[in-house]
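Just below is one structure, and these are the notes that go with it.
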Amino acid sequence: MEIKEWLKAALKDLSRSGVDYADGRYLDRETEHITVRNEQVAGLSRKSDCGFGIRVLYKGSWGFAASARLTEADVMETGRRALDVARASYLTQREPVKLDDTEPQRGTYKTGFEVDPLAVPLDRKLDLLFSALKILRQDKRIAVAEGEMSFYRTDKLFLSTEGAEIAQNILESGAGIEATAIGDGDVQRRSYPSTMGGDVATYGYEFVESLRLVENAERMREEALALLTAEPCPAGRSDLIIDSSQLVLQVHESCGHPTELDRALGTEISYAGGSFLTPDKLGKLRYGSKAVNIYGDATIPGSIGSFGYDDEGVPAQRFPIIQEGMFVGYLTSRETAPVLGRTSSGAMRAESWHHIPLIRMINVNLEPGEEDLTLDELIADTRNGILVATNKSWSIDDLRLNFQFGCEIAWEIKGGKKVRMLKNPVYTGITPQFWNSCDAVCGKSDWRVWGLPNCGKGEPPQTMHVAHGVAPARFRNIEVGVKK
Amino acid sequence: MIGEQQILALLKRVIDRSPAERTELVFMGGRSGLTRYTKSSIHQNVIEENTQVYVRVADGKRLGVVTINRMDEEELLRAAAQALDAAKHQPENPYFEDFPQPAQYQKTKTYFEATAEFTPAARAETMKRIFAQADRLGLEVAGAFTSEEGEIAVLNSNGLSAYQPLTHAQITIVPVSEHGMSRSSAFSHDVTKIDFEAVAANGLERCALNKDQQEIPLGQMDVILEPSCLAEVMMWLGFIAFGSNSFIEGRSFMAGRLGEQSMGENVTIYDSILEPEAQGLPFDFQGFPKQKVALIERGINRGVVFDMLSANQAKTRPTGHGLPPGMPHGAIPWNVCLAPGDSSLEEMISSCRRGLLVTNFHYVNGFLDPKKALMTGMTRYGTFFVEDGKIKHAVKNLRWTESMLRAFSNVKAISREREVISDEGGSFALMPAVYVKDFTFTGVQKEESD
């Protein structure tokens, strides 16, 4: 591959120029997004995106340059531009950057699949989506029936002046449907298997078929219609069972983001925000109850939060973040981990070739409870409460403390049984108090990994594919509804 | 920059040789530089060059789109063939008739060489001076400074040919003390128009005020919202109410209610590329001329924006707000402006008996109940308690949950001065400060709950 030799030459050139460190990343990605709405193809695009980026550390200051022009001269020139940018950064340096001593890696990583989704005929994909939409639209009150499919094939190459050489090939597939019902001035939506494009995994088209969109369409339609006449979720304090389709975003916003060490150190403070989990709290703060165990784990097969190596060449790892409620770990990089006297946990990821890697979530998972408690058993164990499912709205403050989530659907629980459907559920809380109120997490049989392909961070904004393994869990005495 | 002649000539050749009966090409490309800093030191510093070409073809009423990031004639022709293949496998789109015909565009000045030539070293030197300014006050600075140049072109097989170069300079200053933060920012197509020292001084002055934040009782309170708060709300209104799809599908408060009063008589919201304070891209990504669109006029629902397909579906005309090909969102307003009033920020503060001055919102979400434009969000970078016409003290960041229809029906005053709040790619909001009565606060940022 020519680009590998050109990047090697550029890195050699930079080494001769006296840089502390440099790496080069080449990325070639093919994507296909399909959106069907009612009887129409609302959006269908295939995209090819290819280029490279060179990152330079010069006298402890970073520079990065990226280009889509794939010639030897352009690769060499881009390396020199990255060095110029690093020299500019050096003008304002106060503390030089030092990297950890992660051993340079040489290796490959490839995700498996049975059916290449980009080779599946378009007719077959549209047939599946329109079949599901036909069921959703069997009642006129469903004003919008929508279905989506997304496929990504990414080939990546990573080289560094330390001698790292890594090739990775990652294939991702995802799909989902949703029904929007309108009646009497009200709008209600149900999504399957989740909102915002459904679920995504590093499998082939077989994953899309395994979601059984058509088989679940009738339930989505009927629930959306039932919500139009359901009672609003009452405001007040209540025990709350959160289904995994909502808990995934709760974990994402209130566990994942605040444990990104760059946020905690203030490097995102002017945009995405900081974190209440500052390093002085590491090993000391009771973040949650003893039922709460959260791990970072980039090794789970099939998940879009998994990989062989992160985008600065660190191998995928599994490590504790919250252990029996205690805050014990961060998502880190080669630059930030030494602040804690540690080495990188392998969480540096870049959206594409023209983005620098940032600390991003991988799979940040709420571990299943030790007893194999099921959701049905958890409901039966709850005298009075509310069960909420599927995210509808989300908001959390810049330190990740005060959050408010809205869900598509809720059910009132009385005497251990779901007694009626409720609409427009909203709950709010303060992160550590909320997780300390968790008294039960369901077991392995209800634990699943959800792919979230739209995590935003950084400037210019980067969208990352992350994932969370979660099981339904119960939280005691939570503020439900909007306080007036 | 590739340049107008070269881009248009290459794309014209691709259209002439396209295997499709009708072809549309949208080019976006350029070079951008972004410098991020924290603790008064640059920690991220990047430059990138990229191009993107959307190739959309029509086979009768079937449309196919392929996007590539290579400006190569043969590769673009391959993309056109792939798009045609995709089109042939799709159902007909009853709302597609033809790509637009050639049009005349308003002249807007969006490119300035000084911005295009602004180097990473120039950004670093600028920041070095601002860091020194902060050092003198014992403060640290975080933020980002962008300077970029780009080109956008739209061509189709009807002979339509549109081209516009753009430059963009934007700086965000977030001074940080051990007590709190503040934020100031500036945007201009022309980097020489930004008074960096003044932007920094504004932020540094505010930071000194943001200390000893107290907790106040939750509930309804008068608020004075600065322009950046309004810009974030308008972005959400654009998505849930002022765009084509939510209107056509009946999901928004505008749907079926044009001509009805939904906000106060002193509120007028419109989309425009030709304002004294800022100018935008004169055509959309389909080549339709951008029109000034009245969205809310004296509180009355007046209209929404449309692109080619949504206009045909709604049996109306496109307003020039189409997004790049293949996107499923319909038309979205790009340059939302709130009409100025006759007050000023200082007059609002001095007229406030008891209320809050809110400088910035954070993480707004408008999906709670779009029919009521019910939104939630946090305050950030400085929230101040105002009493008897004076700023008394800072308060802790607050969560608010409010219907924007209710809020914009309770507007007591609007400032004469407006601020350009920019997004990338020619999108901006032009917002004044607004005094809103009885805004609803529902939570507070703190580590311990009640």
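Listed in order, the protein sequences are those of chains X and Z. So in the working numbering, spot 347 of the first sequence is number 347, and the numbers just go up one at a time. To convert, count from 1 in the second sequence and add 1000; that's the working numbering. Heads up, the beta-carbon is just placed ideally off N, CA and C, and yes, glycines get one too.
**Study point:** Distance CB(residue 92 (chain X))-CB(residue 1201 (chain Z)) smaller than 8 Å
**Key:** no
Check your understanding: Is the number of C-beta pairs between the segment 1402–1410 of chain Z and the segment 425–432 of chain X that are closer than 8 Å three or more?
Key -> Judged by Cβ distances under 8 Å, the segment 1402–1410 of chain Z makes no contact with the segment 425–432 of chain X, as fewer than three pairs qualify.
Review point. Out of curiosity, what's the CA-to-CA distance linking residue 121 (chain X) and residue 1198 (chain Z)?
Key: Roughly 58 Å separates the two Cα atoms.
Check your understanding: Can you check whether the CB of residue 450 (chain X) is closer than 8 Å to the CB of residue 467 (chain X)?
Key -> yes
Check your understanding: Where do the N-terminal and C-terminal ends of the beta strand (DSSP E) with residue 1337 (chain Z) fall, by residue?
Key -> 1335–1338
Practice item. Show which residues of chain X have a CB atom less than 8 Å away from the CB atom of residue 1437 (chain Z). Key: Chain X residues near residue 1437 (chain Z): none, gap ~16 Å exceeds 8 Å.
Review point. Going along chain Z in order, which residues have a C-beta closer than 7 Å to the C-beta of residue 356 (chain X)?
Key: 1044, 1046
Exercise for review: Quick one: which residues of the segment 276–293 of chain X get their C-beta closer than 8 Å to a C-beta of chain Z? List them in chain order.
Suggested key: Cβ contacts with chain Z come from 276.
Practice item. Verify the CB distance criterion: does residue 45 (chain X) have a CB-CB separation below 8 Å to chain Z? Key: Taking Cβ atoms only, chain Z reaches closer than 8 Å to residue 45 (chain X), which makes this a yes.
Review point. Is the beta carbon of residue 1003 (chain Z) sitting closer than 8 Å to the one on residue 1182 (chain Z)?
Key: no
Check your understanding: In whole angstroms, what is the alpha-carbon distance linking residue 1171 (chain Z) and residue 1143 (chain Z)?
Key -> 8 Å
Point to revise | Delimiting residues of the beta strand (DSSP E) encompassing residue 1356 (chain Z) | key: 1354–1369 is the extent of the beta strand (DSSP E) around residue 1356 (chain Z).
Check your understanding: Based on Cα-Cα distance, which residue from Z:1288, Z:1266, Z:1290, Z:1277 lies nearest to residue 1297 (chain Z)?
Key -> Considering only alpha carbons, the answer is Z:1266.
Check your understanding: Ends of the alpha helix (DSSP H) at residue 3 (chain X)?
Key -> 2–16
Exercise for review: Could you list which residues in chain X have their beta carbon closer than 9 Å to that of residue 1040 (chain Z), in chain order?
Suggested key: 92, 94
Practice item. Give me the Cα-Cα distance between residue 1085 (chain Z) and residue 1341 (chain Z), rounded to the nearest whole angstrom. Key: 54 Å
**Study point:** For residue 1025 (chain Z): DSSP bridge partner residues
**Key:** Z:1055, Z:1155
Review point. Using a C-beta to C-beta distance shorter than 8 Å, which residues of chain X count as neighbours of residue 1090 (chain Z)?
Key: 41, 44, 122, 126
**Study point:** Inter-residue Cα distance where the pair is residue 248 (chain X) and residue 391 (chain X)
**Key:** 9 Å
Point to revise | C-beta neighbour in chain X for residue 1446 (chain Z), strict 8 Å | key: Residue 1446 (chain Z) counts as touching chain X.
Review point. Do you know how far the Cα of residue 8 (chain X) is from the Cα of residue 17 (chain X)?
Key: 14 Å
Point to revise | residue 1034 (chain Z) (DSSP reduced to helix, strand or coil) | key: strand
Point to revise | Residue from X:244, X:480, X:421, X:202 with nearest C-alpha to residue 368 (chain X) | key: X:244
**Study point:** Inside the segment 367–426 of chain X only - beta strand (DSSP E) runs reaching at least 3 residues
**Key:** 384–396, 402–414, 417–423
Practice item. Out of X:307, X:299, X:6, point me to the one whose CA is closest to residue 319 (chain X)'s CA. Key: Minimum Cα distance to residue 319 (chain X) is reached at X:299.
Review point. Quick one: is residue 463 (chain X) buried, meaning 16 or more other Cβ sit within 10 Å of its Cβ, or exposed?
Key: exposed
**Study point:** Own chain partners of residue 1038 (chain Z) with C-beta closer than 7 Å, once the 5 adjacent residues on each side are dropped
**Key:** 1142
Review point. Residue ranges of each alpha helix (DSSP H) run of no fewer than 4 residues wholly in the segment 1183–1258 of chain Z, ordered along the chain?
Key: 1196–1209, 1227–1237, 1244–1248
Review point. In the DSSP assignment, what are the bridge partners of residue 322 (chain X)?
Key: X:294, X:327
**Study point:** Limits of the alpha helix (DSSP H) - the one that residue 123 (chain X) falls within
**Key:** 122–136
Exercise for review: Quick one: give me the first and last residue of the beta strand (DSSP E) that residue 447 (chain X) is part of.
Suggested key: First-last for residue 447 (chain X): undefined, no H or E at that position.
Check your understanding: What's the C-alpha gap between residue 1280 (chain Z) and residue 113 (chain X)?
Key -> Their Cα atoms are separated by approximately 46 Å.
Point to revise | Contact with chain Z by residue 13 (chain X), beta-carbon distance below 8 Å | key: no
Exercise for review: Could you run through the segment 50–70 of chain X and flag, in chain order, every residue whose CB is less than 8 Å away from some CB of chain Z?
Suggested key: 50, 51, 53, 61, 62, 63, 64, 65, 66, 67, 68, 69
Check your understanding: Could you give the residue range of the alpha helix (DSSP H) that holds residue 78 (chain X)?
Key -> The continuous alpha helix (DSSP H) containing residue 78 (chain X) extends over residues 72–90.
Check your understanding: For the beta strand (DSSP E) that contains residue 435 (chain X), what are its first and last residues?
Key -> Not the beta strand (DSSP E): residue 435 (chain X) falls in the alpha helix (DSSP H), residues 431–436.
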